[in-house]
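Residue numbers (my numbering): 194 to 413.
Think of the CB as a built atom: it goes at the ideal place given N, C-alpha and C, for glycine as much as any other residue.
Bear in mind that the values here come from a model prediction, so they are computed numbers and not experimental data.
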Ligand SMILES: Nc1nc2c(ncn2[C@@H]2O[C@H](COP(=O)(O)OP(=O)(O)OP(=O)(O)O)[C@@H](O)[C@H]2O)c(=O)[nH]1
Ligand SMILES: [Mg+2]
């Protein structure tokens, strides 16, 4: 038997889960609910938040955590609309982890907030694997990405509590098969609420917002 020292590192997800649990407790103590917005790069997450801001602030107090690999551009866009926002930069990682989110929440006076929305790093795959302490994940898919994406990247659609189908104003210019998309989503998650929206034309937003603002009481 050799006496070689072998270092073993494992259970990183377990460590992430500990922070997620802490965050969930922290939010519950403050009667605040966090949503984790996940979708591919450029699917329209920040634009959706920009367009929702005016409606949301009429109904509740909310803040946003922006997740990106680099730049503060998305946070700047929301700050310009006077939305309370912090920017999380992963410096390379393709998803947010719970510890980072937990520390960033310290920026906010959670007692005064009803909802925190996290815009995760633009990525249809990895962020869905990480619990960041959210009450629910919200999937965002744009019609320009193709109707087969729910089948190719099923985890997010399985995990999500709702799907926002964005950029529907572009449908007349695309070969996107809307029926097939809905069918593909249903094959992964039969009861997933789906909200078609166009941020550009400001359609479908009120339906999604109505669902969102009901969640604190329904999900708590
Ligand atoms: N036609 C159309 N374009 C949209 C819509 N929503 C967003 N876009 C455009 O899509 C591009 C990307 O939008 P963003 O909101 O920055 O996308 P994002 O998902 O936040 O991007 P990342 O944070 O980089 O992942 C921009 O050029 C938007 O103007 C929409 O409803 N209709
Ligand atoms: Mg964005």
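Taking non-hydrogen atoms of ligand 2 into account, the C-beta of residue 238 is found less than 7 Å away from one of them. Taken through DSSP and simplified to helix, strand or coil, residue 390 comes out as coil.
Remark: C-beta atoms of residue 242 and residue 271 approach each other more closely than 8 Å.
In this chain, the alpha helix (DSSP H) harbouring residue 240 covers 238 to 252. Ranked by Cα distance from residue 344, the options 211, 219, 250 and 377 are led by 377. One thing to note: residue 381 has its Cβ no nearer than 8 Å to the Cβ of residue 248. Between residue 227 and residue 328, the gap from beta carbon to beta carbon is short of 8 Å. Taking residue 374 as the centre and dropping the five residues before and after it, the same chain places the C-beta of 340 closer than 6 Å to its C-beta, in chain order. At a threshold of 7 Å, residue 389 does not count as near ligand 1, since its beta carbon sits no closer than that to any of the ligand's heavy atoms. Taken from the Cβ of residue 243, every heavy atom of ligand 2 lies 7 Å or farther away. According to the DSSP assignment, residue 344 belongs to the alpha helix (DSSP H) that extends over 342 to 345. Using a 10 angstroms sphere on the CB of residue 274, the tally of other CB atoms stays under 16, which defines it as exposed. Taking the CA atoms as reference points, residue 390 sits about 16 Å from residue 366. If only uninterrupted alpha helix (DSSP H) runs of at least 4 residues are considered, those enclosed by the region 295 to 348 are 342 to 345. The secondary-structure analysis by DSSP pairs residue 258 across a beta bridge with 279 and 311. At the C-beta level, residue 293 and residue 303 stay beyond 8 Å of one another. According to DSSP, residue pairing for residue 231 in a beta bridge involves 332. Counted as a single uninterrupted DSSP element, the stretch harbouring residue 375 is not any beta strand (DSSP E) but the alpha helix (DSSP H) occupying residues 371 to 381. When DSSP states are grouped into helix, strand and coil, residue 399 belongs to the helix group.
In terms of CA proximity to residue 397, 244 leads the group 239, 222, 212 and 244.
By the neighbour-count criterion, in which a residue is buried when 16 or more other Cβ atoms sit within 10 angstroms of its Cβ, residue 252 is exposed.
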